[in-house]
Amino acid sequence: MAPPALKGAPLPATPIKTVLLVVALQAEAAPLVKDLNLKEDTSGLFPAGVPWVKFSGEYKSMKVHLVTPGVDAIHGVDAVCTVPASLLTFSSVQLFKPDLIINCGTAGGFQKKGAEIGDVYLISETAFHDRRNMLPGFDNYGIGALAATPVPKLVSHLNLKVGVLTTGDSLDHVDKDDEVMENNNATVKDMEGAAIAYVADLLTTPLILLKGVTDIVDSPAATEEEFLLNLQSAAKAIQTTVTSALDFLSLKNLSDLQ
Ligand code: SAH
């Protein structure tokens, strides 16, 4: 496992040998599994009964594990949101001891911050917008802002847009969410990223987040319609960016990203 690398410390000069990709939706995972030629691992590493799915393979100089929370056994849909993503990430870091986590997936984008459908953002910071608690100190705990691992060399190599990600457990947003998302200075909005960042920080594992925009949050268009219309193309754009990021990471040390 990577030595402590977060909390502002520079990344160590250790080789990037194992990368963990955490992906919420099967539709987001599919193009990556295909392009990276990953194979499903059914050897039963996860606790019995969990729906989590793992695909693994060698890509260039690295071992790559892609995990998804799978399909919820009761409701028959992808197990999106913060709780499954946190548990899956926690368990996967323990099991696979990655040098680096990449959380990639779709997100809403704020047009007032310049986001457009099809963009892929590198996330500079994550925060929550639906954990409200007015008690002293708990207000900021609820927001839970965390800096993602700074990777300026990767940003300039891939010429990525950079923005803050705000996370909540709802696809829609009420007025109070709008206020908090504005305070979070968010450019993109998802349902997992800040939870994964919390786990990465707990376990002192470097984290990169790449988010592809499927829908515009601050527009009158219906989010679910835009999301479904753009899901496949965004998943493809995410795959292209993640593959390019892995190409860049190959044969590099963590410190080479900064
Ligand atoms: N009906 C979808 C359900 C996915 S929920 C399906 O076909 O599977 C939306 C997923 O996309 C979440 O994993 C979330 O992280 C991301 N997402 C995309 N746009 C979003 C938005 N505007 N707000 C919050 N999450 C969004």
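Per the UniProt record's numbering, the sequence shown runs over residues 1 to 258. Just so you know, even glycine gets a beta-carbon here, dropped at the ideal spot from N, CA and C.
Where residue i falls, given that 16 or more other Cβ within 10 Å makes a residue buried
i, result
"Val23", "buried"
"Ile74", "exposed"
"Asp177", "buried"
"Met134", "exposed"
"Ala235", "buried"
"Gln239", "buried"
"Leu249", "buried"
Per-residue DSSP class, three states only, for residue i
i, result
"Glu116", "coil"
"Phe96", "helix"
"His129", "coil"
"Ile143", "helix"
"Asn184", "coil"
"Pro152", "helix"
"Leu257", "helix"
"Glu58", "strand"
"Ala73", "coil"
"Val67", "strand"
"Ser244", "helix"
The ligand SAH heavy atom lying under 6 Å from the CB of residue i
i, result
"Leu21", "no"
"Lys189", "yes"
"Phe227", "yes"
"Ile166", "It should be noted that the sequence gives Thr, not Ile, for residue 166. No, the ligand SAH has no heavy atom inside 6 Å of this Cβ."
"Ala30", "no"
"Glu192", "yes"
"Ala24", "yes"
"Asp130", "no"
"Val80", "yes"
"Asp175", "no"
"Ala107", "yes"
"Thr214", "yes"
"residue 328", "In the structure as shown, the chain starts at 1 and stops at 258, and residue 328 therefore has no counterpart that could be examined."
Length of the line joining the Cα atoms of residue i and residue j
i, j, result
"Gly212", "Pro47", "31 Å"
"Ser244", "Lys60", "12 Å"
"Ala148", "Leu154", "13 Å"
"Thr166", "Leu209", "12 Å"
"Ala79", "Leu11", "32 Å"
"Pro4", "Glu116", "Residue placement at Pro4 is flagged as unreliable, the pLDDT there being 38, under the threshold of 50; the coordinate-derived value follows with that caveat. Near 35 Å, if we compare the C-alpha coordinates of Glu116 and Pro4."
"Val162", "Ser255", "20 Å"
"Ile143", "Val67", "26 Å"
"Thr106", "Leu21", "14 Å"
"Ser86", "Ala200", "9 Å"
"Thr42", "Glu28", "20 Å"
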